[in-house]
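Q:
Number of protein chains: 2
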Amino acid sequence: MKMDQEIYFTDKTERWGKFELCLPGPSDGNPYTDVIFAAKFACEHRVIQVDGYYDGEGRYFVRFMPDQIGTWHFETVSNVKELTGVSGVFQCTEPGPVNRGPVKVDQRFHFAYADGTPFYPFGTTSYVWNHQDEPLQELTLQSLAESGAFNKIRMCVFPKHYDYNLKEPALFPFDGNIETGFHYTVFNPAYWRHLEQRIENLQALGIEADLILFHPYDRWGFSTMSPETDDFYLKYAIARLSAYRNIWWSLANEYDLMKDKSTSDWDRFFRIIQEKDPYQHLRSIHNWHHPGIHYRSNAHWYDHGKPWVTHASIQHHDLYFVQEWREQYGKPIVVDECRYEGNLNHGWGNITAERMVECYWEGLVRGGYVTHGETYLHDEEIIWWSHGGKLHGESPTRILFLRQIAEEGPPLNPVQADFSWDAPTGGVDGEYYLVYFGSSRPAYRILPLPEGTDFTIELIDTWEMTITPLPGQFTGACRVELPGKPYQALRIKAIHQ
Amino acid sequence: MKMDQEIYFTDKTERWGKFELCLPGPSDGNPYTDVIFAAKFACEHRVIQVDGYYDGEGRYFVRFMPDQIGTWHFETVSNVKELTGVSGVFQCTEPGPVNRGPVKVDQRFHFAYADGTPFYPFGTTSYVWNHQDEPLQELTLQSLAESGAFNKIRMCVFPKHYDYNLKEPALFPFDGNIETGFHYTVFNPAYWRHLEQRIENLQALGIEADLILFHPYDRWGFSTMSPETDDFYLKYAIARLSAYRNIWWSLANEYDLMKDKSTSDWDRFFRIIQEKDPYQHLRSIHNWHHPGIHYRSNAHWYDHGKPWVTHASIQHHDLYFVQEWREQYGKPIVVDECRYEGNLNHGWGNITAERMVECYWEGLVRGGYVTHGETYLHDEEIIWWSHGGKLHGESPTRILFLRQIAEEGPPLNPVQADFSWDAPTGGVDGEYYLVYFGSSRPAYRILPLPEGTDFTIELIDTWEMTITPLPGQFTGACRVELPGKPYQALRIKAIHQ
């Protein structure tokens, strides 16, 4: 930090690290609404203007995530004299070994870190873990670290009101509380600092924060704020959070339950983020789906094909449709809710671990990605899906097993070779096939391998987590014996001489 | 039998039993094509004309299934003098205890025997059990008798050519064989007498013969006969078989794989049966479904709404759609193929017993009916689905358990009470609910029972086959504890004082 009286800023940051400048300024009136504060960052020919934010107590911040190694210059811009024209220089250095930058869309249907390393989303869901008491939050982080299965978590800015979610949180994004009401022009910096701490904790664990900006499960009024307040809140969140490389913007959980908002509101939110986030973090919106479990038609879904949507974040129980959605939207498909492992009274929260793992495999081999959730009844109503805490289920270990297999192979796309409709298969034709039999259980199979290439085949028991090489090499139409039990897969790799 | 020289006929038959008249007649030329032979049957004010058939060796038969107790008169009609004007009288008596008459559509979506007893189809599939060697056929009958699970079997007139089905059958419906070819104007009475014997064997076991008249799996030419031959064959089959009360007419298995036939052909076949079968046995046609497992659109299916179709005989793996099909067709829905319990290489034949039973339950509580099939690999390639033999699977016992539950209750229709989308429920509102949780496994549930009526509730473990009454009585919104494991159901009955 360089300190100049009360001014300080980061003088050296990693590529994709967080630069921070702090200036003293006015605290009278309402600085949140009255003060314009931003900074221009320049490196070589590029100039990027970034909004700052007021953090209370007369302190103004601007954050920046440099994407280029070298010397960066900055200079502030404001409608307040003392916040104007403050300038300086900082160095952007090589990233450390665990810093691969923000995640971007890659190869149309997939993701990669900014450094080019493929990123396969293996997400979980814990909507308001960050709103629980502090020991529980620490336990959640510990569980994430111990599991190692997950590299993305869906979580909300606003607290949640729903079955099993009736406690009052300690902090709110706005000034106020449920008794006195909220001042929608005054933020609560303590809330945001805490949220940032949690985002940093996740970053240290290599976990992307798929941050849900709006959701319908509300008793405080956050789901029915005015359009002006919505926009005001969004811009503040972007100014504070976009310099964290592990941020993804999820506009909403189950946006279609928020009857107060229209498609044009969601369009506007997307465009605000698109305009204000200098780093173009991933942007998505997540549906609820209406008429029964089999609601196939996505005619009423927000159109994930719109240009500001980076990937489709879908709620659907049936991973079969991943291929259709790929074709329709031409973007990565992340099925962020497909029912959760557990035993809840609710239908969306009472599938078996076997089914959860099946969803993960099926979604992956069909060329998409799937997100985990866990909903076991608990004496103290600490349920991973909302509260975090401990993972009790049997699926995370199997999800980790799958993640390791995924990360050893290429991104999966549908293949030309027809492994038959009961064995969805992803891969790269002629090179790599991951064939998943799910609950189908043939005792043998004739595989449609290409002629002229030799392949190795491994039998994977996705539940028992074993990988067994089949003896010999394979080419063309070839028969393999299978154990005739559910949850088997084959990994087939071309042998290169 | 009354014998008058070489003329004989049944002088007494049960209601829905089989009257038979046999006359000697010409055997020169081609009696199958040259001779018209029929008889009029009269009882009180009714006169019913029924086609007879040539059985070879100069013998002409006419069969009749009287539906009315009393004295019936008959008189023959022919273009041959000696077969014309032969008349007589026979008595139709009370049916015996196991004879409830043919099955008809009842209450729009269901079935009942002609005596009014509800008939819940619990079908199985053994396409060409009747084309196997005789000991194997006897074993199949023994297996059906021992299982007790099934009251309907899908079986083919023509032999089948397919994987595991390459043996040449002993008998063909037409004169000839694969080497010499077939005479499509000459039937093989030995074939038909054998088929009739098997239909009678099934009748004795209380099993309906869902007789498949055409199918695509063919190396002999029976799937590509001329329209004239098709019609000629159909009329002969109707003349011979329609007097068996346990006959159902299934126009085809997987008609849409028979590229040689058009919708107008199928229309014509239906109309021929409608016109020629005096008893209006059930008529259906069974689809194959094209683009993958999830082919939902039935836009290209033969329209089961046509007036000559009595019920929809559907192939689909997903029983969810039963309710939609009920609404669309307004007829009973019988899902005659939903994949088979087994471990075959083919996707349609490698589901678990658990899944087979799940299909049965789901189809039933959604207001339809489901048909069993079994496809376990076998050293001698004797696979129940085609050949009969022994039942090896774990589903038939559970299907019998369900059948007993079904037969104790009313026909199931969708109910107004909303037991939530993960628990399909059939019954009679306010009276009876059968709630099926399938692979969902809530640890408890709030049930939406009507106020003002007391109910008993039984917990059914559909896999373990246990029925456990829950203590007490229930009314209104009430909580029940559940075991939190898959395959549970609730049977809820109103208590009548």
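Protein sequence lines, in the order shown, are assigned to chains A and B. Using my numbering, read the first sequence as starting at 168 and increasing by one per residue. Using my numbering, read the second sequence as starting at 168 and increasing by one per residue. Each residue gets a CB set at the ideal place from its N, CA and C atoms; glycine is no exception.
Note down, in chain order, each residue of its chain lying with its Cβ closer than 8 Å to the Cβ of Gln304 (chain B), except the 5 sequence neighbours on either side.
A: Trp296, Asn297, Arg365 and Gly555
Q: Name the two residues that bound the continuous alpha helix (DSSP H) containing Ala584 (chain A).
A: It is not in any alpha helix (DSSP H) - Ala584 (chain A) carries neither H nor E in the DSSP assignment.
Q: Using 8 Å as the threshold, is the segment 479-499 of chain A in touch with the segment 551-570 of chain A, meaning 3 or more CB pairs across them?
A: no
Q: Which same chain residues end up closer than 6 Å to Met523 (chain A) when comparing Cβ atoms and leaving out the 5 residues on each side of it in sequence?
A: Glu508 and Ser562
Q: If the criterion is Cβ atoms closer than 9 Å, does the pair Ser451 (chain A) and Ser417 (chain A) meet it?
A: yes
Q: Could you tell me whether the Cβ of Ser245 (chain B) comes closer than 9 Å to any Cβ of chain A?
A: no
Q: If you check the beta carbons only, do Glu181 (chain A) and Pro262 (chain A) fall under 9 Å apart?
A: yes
Q: Report yes or no: is there a C-beta of chain A within less than 9 Å of the C-beta of Gly514 (chain B)?
A: yes
Q: Among the residues of its own chain, which have a CB less than 7 Å from the CB of Glu249 (chain A), if the five just before and after it don't count?
A: Gly192
Q: In angstroms with no decimal places, state the Cα-to-Cα distance between Leu308 (chain A) and Arg267 (chain A).
A: 21 Å
Q: Hey, could you find the ends of the beta strand (DSSP E) Tyr220 (chain A) is sitting in?
A: Counted as a single uninterrupted DSSP element, the beta strand (DSSP E) harbouring Tyr220 (chain A) occupies residues Arg213 to Tyr221.
Q: Here's the rule: buried if 16 or more other CB atoms are within 10 angstroms of the residue's CB, otherwise exposed. What is Gln583 (chain A)?
A: Residue burial annotation: Gln583 (chain A) is exposed, with fewer than 16 other C-beta atoms found within 10 angstroms of its C-beta.
Q: State yes or no: is the beta carbon of Leu637 (chain A) nearer than 9 Å to at least one beta carbon in chain B?
A: no
Q: Have a look at Ile460 (chain B) and Leu372 (chain A) and give me their C-alpha separation to the nearest angstrom.
A: Note that Ile460 (chain B) scores a pLDDT of 45, beneath 50, so its modelled location is shaky and nothing firm can be said.
Q: So, Ile379 (chain B) versus Arg321 (chain B), is the Cβ gap smaller than 9 Å?
A: yes
Q: With DSSP run on the structure shown, which of helix, strand or coil describes His361 (chain B)?
A: In the structure shown, His361 (chain B) sits in a helix (DSSP, three-state: H, G or I).
Q: Use the C-beta contact count for Leu486 (chain B): other C-beta atoms within 10 angstroms, 16 or more gives buried, fewer gives exposed.
A: buried
Q: Can you tell me whether His429 (chain A) is buried or exposed? The criterion is at least 16 other CB atoms within 10 Å of its CB, across all chains shown.
A: Checking the sequence shown, residue 429 (chain A) turns out to be Ser, not His. Classification for Ser429 (chain A): exposed.
Q: Please confirm if Ile518 (chain A) has its CB atom under 9 Å from at least one CB of chain B.
A: yes
Q: Indicate whether at least one CB of chain B lies closer than 9 Å to the CB of Ile460 (chain A).
A: The predicted model places Ile460 (chain A) with a pLDDT of 45, which falls under 50 and marks its position as unreliable, so this point remains unresolved.
Q: Looking at the structure shown, is Gln571 (chain A) part of a helix, part of a strand, or coil, going by DSSP?
A: helix
Q: At a CB-CB cut-off below 9 Å, which residues of chain B make contact with Ile627 (chain A)?
A: By Cβ distance, chain B contributes nothing, its closest Cβ being about 17 Å from Ile627 (chain A), past 9 Å.
Q: Look up Met322 (chain A) in the DSSP assignment and say whether it is helix, strand or coil.
A: strand
Q: Could you tell me which residues DSSP puts in a beta bridge with Trp238 (chain A)?
A: The amino acid at residue 238 (chain A) is misidentified as Trp; the sequence shows Thr. Answer is A:Gln258, bridged to Thr238 (chain A).
Q: Are the CB atoms of Asp589 (chain B) and Trp515 (chain A) within a distance shorter than 9 Å?
A: Cβ distance < 9 Å, so Trp515 (chain A) and Asp589 (chain B) count as in contact.
Q: Run through DSSP, which three-state label would Tyr600 (chain A) get?
A: strand
Q: Can you give me, in chain order, the residues of the segment 594-623 of chain A that have a beta carbon less than 7 Å from any beta carbon in chain B?
A: Ser606, Ser607, Arg608, Pro609, Ala610, Tyr611, Arg612 and Ile613
Q: What residue range is occupied by the uninterrupted beta strand (DSSP E) comprising Cys505 (chain A)?
A: Looking at the DSSP string, Cys505 (chain A) is not in any beta strand (DSSP E), and its letter there is neither H nor E.
Q: Hey, does Leu511 (chain A) have any beta-carbon neighbour from chain B nearer than 9 Å?
A: Yes, contact with chain B.
Q: From Val665 (chain B) to Asn580 (chain B), what does the alpha carbon distance come to, in whole angstroms?
A: Residue 665 (chain B) lies beyond the range of chain B shown here (168 to 664); nothing can be said about it.
Q: Spell out the partners DSSP gives Phe204 (chain B) in its beta bridges.
A: As computed with DSSP, Phe204 (chain B) is found in a beta bridge with B:Ser245.
Q: Under a CB-based cut-off of 9 Å, is Ala590 (chain B) close to chain A?
A: yes
Q: If the cut-off is 7 Å on Cβ atoms, which residues from the segment 561-584 of chain A count as contacting chain B, listed in chain order?
A: none
Q: Please state the DSSP three-state secondary structure of Asn266 (chain A).
A: When DSSP states are grouped into helix, strand and coil, Asn266 (chain A) belongs to the coil group.
Q: Taking 9 Å as the CB-CB limit, is Leu544 (chain A) close to chain B?
A: yes
Q: With burial defined as no fewer than 16 other Cβ atoms inside 10 Å of the residue's Cβ, what is the status of Met425 (chain B): buried or exposed?
A: buried
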